[in-house]
Amino acid sequence: MEVEGAGVPVLFVHGFPLDRRMWRHQQERLSRCQRIVPDLRGVGASSAPAGGYSMGRYADDLVTVLDAVAVRRAVVCGLSMGGYVAFELVRRHADRLAGLILCDTRAEADSAEARGNRDALIGLAEREGVRAVGERFLPKLLAPTTFAQQPELVVDVREMMGRLSLPGVVGALRAMRDRPDSTALLPTIRVPTLVIVGEEDQVTPVAGVERMAAAIPGAGVVRIPAAGHLAPLEQPGPTTSAIGDFLTRLA
Ligand code: MLT
0 MEVEGAGVPV LFVHGFPLDR RMWRHQQERL SRCQRIVPDL RGVGASSAPA GGYSMGRYAD
60 DLVTVLDAVA VRRAVVCGLS MGGYVAFELV RRHADRLAGL ILCDTRAEAD SAEARGNRDA
120 LIGLAEREGV RAVGERFLPK LLAPTTFAQQ PELVVDVREM MGRLSLPGVV GALRAMRDRP
180 DSTALLPTIR VPTLVIVGEE DQVTPVAGVE RMAAAIPGAG VVRIPAAGHL APLEQPGPTT
240 SAIGDFLTRL A
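Numbering-wise (numbering that gives the first Met the number 0), the sequence shown opens with residue 0 and increments by one.
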């Protein structure tokens with residue numbers, strides 16, 4: 000975990016199959032807030048137990064992180080799976096939230112087809128290793144514009160995915176497969192919320208993300224041009240500005 004700076008505490012929650020370094024630009028540039036950037040269990044610097052992965056467990060782990068840095072309430076900024084964890088924080092620990100930033104995520108649970116795909120990916124990870132899972136994800140994660148214009152970022156994301164642990168990948172796939180539907184939670188969200196989506200996101204396309212935002216009282220939406228599912232990495236300038244403006248209004 001990395002903790003830097005002072006000001007409004009912001010807890011950054013990474014997506015799958017990635018680690019905390021996906022937030023590195025925001026960590027560097029949002030100098031007027033306290034950046035709390037952990038790896039979820041099974042990832043990066045965190046331990047990788049063989050089992051016990053669920054959205055609820057990830058959320059409880061993050062409360063332990065907040066306690067460890069003596070932060071009572073934080074703005075939670077989650078991307079994709081990080082957003083699923085943020086919904087679990089709303090469900091279980093709403094009193095720890097000062098605001099929400101939901102990037103490239105969705106509130107719906109997996110469909111039957113998506114659950115089948117998760118099982119197939121678990122099988123692939125166990126047979127061929129985590130890199131094989133990364134290769135399946137990569138084409139969907141980044142925008143066509145990113146593949147064309149930022150080859151170094153493609154290499155970087157591939158490396159990040161290759162460093163994951165097998166228990167962490169299998170655990171995250173199971174946790175995503177079994178996560179509850181959070182759509183009924185959206186109208187109950189009482190903290191200021193910003194929703195961000197890459198205009199070329201293929202995993203959580205703009206229309207669905209905008210529908211999700213419309214169900215959250217008072218939520219604003221920012222669309223990031225030339226970004227896919229990983230807007231904070233693909234277009235760090237506009238993504239960080241959107242987050243910074245939201246935090247300024249909040250303060
Ligand atoms: C993520 O970016 O966290 C994952 O793509 C989300 C998912 O597979 O549902």
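By construction, the Cβ of each residue, glycine as well, lies at the ideal position given by its N, Cα and C atoms.
In this chain, the beta strand (DSSP E) harbouring ARG34 covers 32-36. When DSSP states are grouped into helix, strand and coil, PHE245 belongs to the helix group.
A distance below 8 Å between beta-carbons, with the five flanking residues on each side excluded, links GLY219 to the following residues of its chain, in chain order: THR192, LEU193, VAL194, ALA212 and PHE245. The continuous stretches of alpha helix (DSSP H) do not include LEU184, and DSSP gives it neither H nor E. When Cβ pairs closer than 8 Å are counted between the two stretches, the segment 64-77 is seen not to touch the segment 134-151, the count staying below three. Taken through DSSP and simplified to helix, strand or coil, PRO8 comes out as strand. The C-beta of GLY167 has 16 or more other C-beta atoms within 10 Å across all chains shown, which makes the residue buried. Shortest gap from the CB of SER46 to any heavy atom of the ligand MLT: 7 Å or more. The secondary-structure analysis by DSSP pairs LEU137 with nothing; it has no beta-bridge partner.
Ordered by chain, the residues meeting the criterion of a beta-carbon within less than 6 Å of a non-hydrogen atom of the ligand MLT are GLY14, PHE15, SER79, MET80, MET175, VAL202 and HIS228. For the pair LEU29 and GLY243, the CB atoms are nearer than the 8 Å cut-off.
Boundaries of the alpha helix (DSSP H) around GLY82: 80-92.
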